[in-house]
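>
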Amino acid sequence: MGENEVPPIIVWFRRDLRLADNPALMAAVTSGRPVIPLYILDETPGVRRIGAASRWWLDKSLAAIAGSLGVLGSRLILRRGAAAEVLEQLIAETGAAGAYWNRLYDPGVVERDMALKTTLNAEARSFNAALLTEPWEVQTGAGKDYSVFTPYWRAARSRLDRVEALPAPKRLTAPTEWPKSDTLADWKLHPSKPDWSGGFDIWRPGETGALERLAQFLDKGVHGYAERRDRPDLDGVSRLSPHLHFGEIGARQIWIAAETAVATGEAAYVDVDKFQAELGWREFNHHVVFHHPRIATENLRASFDAMPWRKDVKAFRAWTEGRTGYPLVDAGMRELWATGYMHNRVRMVAASFLVKHLLIDWREGERWFWDTLVDADPANNAANWQWVAGCGADASPWFRIFNPIGQAEKFDPDGAYVHRWVPELGTRRYPRPIVDHAAARARALDAVKTGRL
DNA sequence: TTTTGAGTTGTTCGA
DNA sequence: GTCGAACAACTCAAA
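What follows is the structure in structure tokens.
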């Protein structure tokens, strides 16, 4: 680097793969310095590796953000390795004055980033891009973290009178010389031998796809969302979760768009509160995971440590492959396998079935979802599995056991969803139930009762 | 400190 | 078919 050159700022992209409402990027741009956008395929010990479906998504999302940066006269530098080493190396190579990033809140990542703040040989700055309210900003009257949703959301909501989002930068100054980069193809994020991603073509990863999805959802109207969101046979949910997970769109942008649509009366909104509360659950889950980092591996309620989980490889396999003989469960598991997604209502039923009907440890289900969901998220996935299992942050009566037949009748009344994913239903090829519902229910109630003593 | 009210998403039984 | 109660008592958050 020549003596007269201005030292650049590295913008370390992580799960914030967007240009709009990206405070780290905006801070780098407004510093007036050249900007080096970076993505690291992180191999830091203690940081959980992403699953196969997430790798598929990441591949497309990185291509999208690289393309958008290209339009602004910039690039995305790709490197792999332990994040700290990669950053130090790149700072040394480029003489960067700073490294900016947007904060994450999950186990391993928080420690990694905190350490970087003191060890990096450059100005390290972090920002909030992901959440409406960061985990430490909301506290109970006693100054503690919340573990019940309703009071948490009441407190968090009251802070959200004026939510603002940043625009996308118009232009990025390039460094005089670009550092070396891997190619996306080098990383082999897209599956091969076999390429199982045929059913994933329903998705459009990337910032543009995310904004389109939001517009589409708001356009149809959240009207009736409170009811329609429970119907897997209808197009009643936003399907923004993977976009949100990868930060292709931010919670603030969604919040503002929902508020604006209500204010301008573009659609008949009766259920916007319900939709916003779903963002609230995401906020709450991040709050919980920040204060309880071992949530993916340890019961939040220690009383569940005594639960007599069954080891049942055959049953677990039947569950993963959608061969339990319970149509709604099987449809959900097949939708997941085919598309990397499962409707929320069906997730609850399928997860409840694994934990309560099969008495298989929720952690096994959590790991399966981690690998197969395109929206697999350290906070949401772990917190929701614990919630279903009954050991989660929010007190839920232990006797709440979903009836997979009753749920199907209620939420898929014409069987459209079930028939779509289980076409052989009603023929001899469809398996008989691997457990009897009434017997399994009785067994689960007994196990929880005795296991808790 | 003690008390009090309340808590995402359910199921089954019997009247 | 509909409706209310029982399930079994716990924990949290705020007053």
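With the first letter of the first sequence counted as 1, position 49 gets the number 32 in my numbering; the numbers rise by one all the way through.
The beta carbon of each residue, even a glycine, is placed where N, CA and C say it ideally should be.
My output table needs one value for Asn363: the three-state DSSP class, helix, strand or coil.
On the first sequence, residue 363 is found 380 positions in, with the first residue counted as 1. Three-state DSSP puts Asn363 in a helix.
> Which class does Asp25 belong to by DSSP, given the choice of helix, strand or coil?
Stepping through the first sequence from its first residue, residue 25 is reached at position 42. Strand, per DSSP.
> Can the beta-carbon of Gly323 be found less than 7 Å from the beta-carbon of Phe229?
Taking the first sequence and counting its residues from 1, the one referred to as residue 323 is at position 340. Taking the first sequence and counting its residues from 1, the one referred to as residue 229 is at position 246. Against a cut-off of 7 Å, the Cβ pair of Phe229 and Gly323 comes out as no contact.
> Taking only the alpha-carbon atoms, compute the straight-line gap between Leu24 and Thr77 and give it to the nearest angstrom.
If you number the first sequence from 1, residue 24 lands on position 41. If you number the first sequence from 1, residue 77 lands on position 94. For Leu24 and Thr77, the distance between alpha carbons rounds to 19 Å.
> What residues are listed by DSSP as bridge partners for Asn85?
Against the first sequence, residue 85 aligns to sequence position 102. Bridge partners of Asn85: Phe110.
> Cutting at 6 Å between CB atoms, please list the residues of its own chain near Val255, excluding the five before and the five after it.
As a first step, residue 255 is located in the first sequence; it is residue number 272 there, counting from the start. Cβ within range, chain order: Val205, Ala241 and Val245.
> What does the alpha-carbon distance come out to for the pair Gly409 and Leu52?
As a working note, residue 409 is residue 426 in the first sequence. As a working note, residue 52 is residue 69 in the first sequence. Cα-Cα distance, rounded: 52 Å.
> Below 6 Å CB to CB, which residues in the same chain sit around Leu172 once its five sequence neighbours on both sides are set aside?
Position 189 of the first sequence, counting from 1, holds the residue named residue 172. Taken in chain order, the residues that qualify are Arg38, Leu41 and Asp42.
> On the DSSP letters alone, give me the boundaries of the beta strand (DSSP E) that Arg63 sits inside.
Taking the first sequence and counting its residues from 1, one reaches residue 63 at position 80. Ile60 to Gly64 is the extent of the beta strand (DSSP E) around Arg63.
> Leaving out five residues before and five after Thr159 in sequence, what residues of the same chain have Cβ atoms less than 6 Å from its Cβ?
Residue numbering aside, residue 159 sits at position 176 when the first sequence is read from its first letter. Correct list, in chain order: Glu(-12).
> So the candidates are Thr123, Asp178, Leu149 and Gly389; which of them puts its Cα closest to the Cα of Pro134?
Working through the first sequence from its first residue, we reach residue 134 at position 151. Closest by alpha carbon: Thr123.
> Report all residues from its chain with a CB closer than 7 Å to the CB of Phe299; omit the five preceding and five following residues, and keep chain order.
As a working note, residue 299 is residue 316 in the first sequence. Ile343 and Glu347, listed in sequence order.
> At the level of alpha carbons, what is the spacing between Phe258 and Ala75?
Locating residue 258 in the first sequence gives position 275, where the first residue counts as 1. Locating residue 75 in the first sequence gives position 92, where the first residue counts as 1. So the two alpha carbons sit approximately 46 Å from each other.
> In chain order, what residues of the same chain have a beta carbon less than 6 Å from the beta carbon of Ala138, not counting five sequence neighbours either side?
For this step, residue 138 is matched to residue 155 along the first sequence. So the qualifying residues of the chain are Val121.
> Kindly list the residues whose CB is nearer than 7 Å to the CB of Leu217, restricted to its own chain and excluding five residues on each side of it in sequence; keep chain order.
Reading the first sequence from its first residue, position 234 is the one you call residue 217. Excluding residues within five positions, the ones whose Cβ falls inside 7 Å are Arg211.
> From the DSSP output, in three-state form, read off Ile(-7) for me.
The sequence position of residue -7 within the first sequence is 10, counting from 1. Three-state result, Ile(-7): strand.
> Rounded to whole angstroms, what is the Cα-Cα separation between Ile232 and Ser44?
Working through the first sequence from its first residue, we reach residue 232 at position 249. Working through the first sequence from its first residue, we reach residue 44 at position 61. About 12 Å.
> Below 6 Å CB to CB, which residues in the same chain sit around Ala209 once its five sequence neighbours on both sides are set aside?
For the purposes of this step, residue 209 is taken as residue 226 along the first sequence, with counting starting at 1. Only Asp254 and Lys257 meet the Cβ criterion.
> Going by beta-carbon coordinates alone, are Ile384 and Lys339 separated by less than 7 Å?
Residue mapping note: residue 384 aligns to position 401 of the first sequence, counting from 1. Residue mapping note: residue 339 aligns to position 356 of the first sequence, counting from 1. Contact: yes.
> Is the beta carbon of Ala359 closer than 7 Å to that of Trp368?
Position 385 of the first sequence, counting from 1, holds the residue named residue 368. Position 376 of the first sequence, counting from 1, holds the residue named residue 359. The answer is no: Cβ separation not under 7 Å.
> Who are Ile19's beta bridge partners in DSSP?
Against the first sequence, residue 19 aligns to sequence position 36. Note: Ile19 sits in a beta bridge opposite Ile(-7).
> Go ahead and label Gly375 buried or exposed: buried means 16 or more other beta carbons lie within 10 angstroms of its beta carbon, across all protein chains shown.
To locate residue 375, count along the first sequence from 1; it is residue 392. With 16 or more other Cβ atoms within 10 Å, it is buried.
> Do Pro152 and Val(-6) have their beta-carbon atoms positioned less than 7 Å apart in this structure?
As a first step, residue -6 must be located in the first sequence, where it is residue number 11. As a first step, residue 152 must be located in the first sequence, where it is residue number 169. Going by C-beta atoms, Val(-6) is not nearer than 7 Å to Pro152.
> Report yes or no: do three or more beta-carbon pairs, one from the stretch 397 to 412 and one from the stretch 285 to 301, lie closer than 8 Å?
Flag = no, the stretch 397 to 412 and the stretch 285 to 301 do not touch.
> Hey, out of His269, Leu103, Ala168 and Asp144, whose CA is closest to Trp119's CA?
Numbered from its first residue, the first sequence carries residue 119 at position 136. Closest option to Trp119, Cα to Cα, is His269.
> Locate the alpha helix (DSSP H) running through Phe229, then write down its first and last residues.
On the first sequence, position 246 is the one that residue 229 refers to. Element bounds for Phe229: n/a, residue is neither H nor E.
> On the CB-based measure, 16 or more other CB atoms within 10 Å of its CB, does Glu407 come out buried or exposed?
Taking the first residue of the first sequence as position 1, residue 407 is located at position 424. When all chains shown are included, Glu407 counts as exposed.
> From which residue to which residue does the alpha helix (DSSP H) around Ala98 run?
If you number the first sequence from 1, residue 98 lands on position 115. Element bounds for Ala98: Val92 to Thr102.
> So, at 6 Å on beta carbons, what are the nonlocal neighbours of Arg63 in its own chain, with the 5 sequence-adjacent residues on each side left out?
Mapped onto the first sequence, residue 63 falls at position 80. For Arg63, where only same-chain residues beyond five positions count, the Cβ hits under 6 Å are Leu24.
> Starting from the N-terminal side, write out each stretch of the alpha helix (DSSP H) that is 4 residues or longer and does not extend beyond the stretch 125 to 162.
Runs of the alpha helix (DSSP H) inside the stretch 125 to 162: 132 to 140.
> Taking the straight line between their C-alpha atoms, what separation do you get for Phe336 and Arg32?
For the purposes of this step, residue 336 is taken as residue 353 along the first sequence, with counting starting at 1. For the purposes of this step, residue 32 is taken as residue 49 along the first sequence, with counting starting at 1. Answer to the nearest angstrom: the Cα atoms are 27 Å apart.
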